[in-house]
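Colleague:
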Amino acid sequence: MALGLATPVKQSGKLLVGCSSPNLAINIDIPASIDASAYVTVLALRIANDFEILTTGVEATRQVILSSTHEDATSMGVEMSERIAKIEQRLEHIEATLQALNSNVDKLLEYSRDEKATNTVLKDKFVEYDKKLDKKPSSDEVKNWVARATVSIILAMITIIGIASTIIVKITHQ
């Protein structure tokens, strides 16, 4: 259902910028090699940046005039190249930091593997100790052995006393 409020626009490599006060329109041909949506994004960021500079003070006005008046696309390209160079430098720093972090993570993983191997050995030793403890007698068995040993010791003492008394009697009667 056509309302007649807007006419369909044929896609082209043109950017139309309009301003209502003062009445101004700019028609920009965009080469086919440039992504139009990316260009509009960059342009919008530049405009927003220029407005921010304008609102910060009178000293910034001269910078805004210099940066916002482009005779041709090459002057904007130089500024963009400088920005890209700064971003690339920051990216190199981030990449170096990430490489350092990756090497630290690799060291931690290697250390973790070593610790896991050590823990496995310790766990095996504990299992061996548990098996040895399973072979140990229970407390009831130990009490039983002590009771039998006590009886044996008492009987041995009675026997020793009996032998000693017999020897003493023979020595004294001689």
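Going left to right, the sequence shown walks through residues 1093 to 1266 as this note's numbering numbers them. Note that the Cβ used here is the ideal one computed from N, Cα and C, for glycine as well. No experiment lies behind these values; they were computed from the predicted model shown.
(1) For Asn1115, does the three-state DSSP call read helix, strand or coil?
(2) What residues match up with Leu1107 in a beta bridge as DSSP calls it?
(3) Please report how far the alpha carbon of His1265 lies from the alpha carbon of Ile1259, in whole angstroms.
(4) Which residue marks the beginning of the alpha helix (DSSP H) containing Asp1232, and which one marks its end?
(5) Measure the beta-carbon distance from Lys1106 to Asp1121 and round it to whole angstroms, keeping in mind my assumption that it falls under 8 angstroms.
(6) So what's Lys1228 in DSSP terms, helix, strand or just coil?
(7) Please state whether DSSP places Ile1126 in a helix, a strand or coil.
(8) If you measure between the beta carbons of Val1132 and Ile1118, is that distance less than 9 angstroms?
Modeller: Let me lay it out:
(1) coil
(2) Ile1120
(3) 10 angstroms
(4) 1231–1264
(5) 6 angstroms
(6) coil
(7) coil
(8) no
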